[in-house]
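In the numbering used here, the protein residues as written are 1 to 173.
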């Protein structure tokens, strides 16, 4: 089984500043963290502290080279079918397959993006309601509401994890 290397970091109050910095530089938050980690590790390696790990850093923005791939009609039909099932066109699907193999990261299709967006919207609503409870200072009411939200949050966390795991499994076959 392939080991998946993931890192979850709670940025707390600096998250909005981090996201703004990443947006200014045209990268995602995850790519920004990845670049920082790789930069620090490569600095360490250049100073003699080699880690022995392969660097998986691909810049997906900027100029792209066109390549030609020749498939049989049956192969192209199968690729189109899989692409359609993933909510992608065949070119985007092939790029996603290649990127998933190179960087071992999720390559989300339309369906996964929609599921994650819905989940994030519902979680944002929960956060807003909890903020209102906190502002009113009713600790007993907040504890009661939190208990009700816990099941909803756990369901969403499982759904997001399931989507990402299925996505990684799909591309790593």
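C-beta: ideal position from N, C-alpha, C; glycine also.
In this text, all values refer to a predicted model and were calculated from it rather than measured experimentally.
To the nearest angstrom, how far is the alpha carbon of residue i from that of residue j?
i: residue 164; j: residue 133; result: 32 Å
i: residue 20; j: residue 28; result: 10 Å
i: residue 126; j: residue 148; result: 11 Å
i: residue 6; j: residue 103; result: 12 Å
i: residue 119; j: residue 38; result: 30 Å
i: residue 36; j: residue 25; result: 13 Å
i: residue 14; j: residue 129; result: 22 Å
i: residue 162; j: residue 17; result: 29 Å
i: residue 74; j: residue 86; result: 18 Å
Quick one: measure Cβ to Cβ for residue i and residue j, integer angstroms, because I've assumed they're closer than 8 Å.
i: residue 90; j: residue 79; result: 5 Å
i: residue 115; j: residue 77; result: Actually they do not touch by this definition, with Cβ atoms about 27 Å apart.
i: residue 93; j: residue 82; result: 6 Å
Return the residue from the list the options that minimises the CA-CA distance to residue i.
i: residue 67; options: 98, 108, 85; result: 98
i: residue 84; options: 153, 9, 108; result: 108
What is the residue span of the alpha helix (DSSP H) that residue i lies within?
i: residue 82; result: 73 to 85
i: residue 22; result: 15 to 24
Does the ligand NAD have a heavy atom nearer than 7 Å to the CB of residue i?
i: residue 120; result: Ligands are entirely absent from the displayed structure, and the ligand NAD is therefore not among its contents.
Query - Segments assigned alpha helix (DSSP H), at least 4 residues, entirely inside the stretch 102 to 168 - result: Taking only runs of at least 4 residues, the alpha helix (DSSP H) segments lying wholly in the stretch 102 to 168 are 110 to 136.
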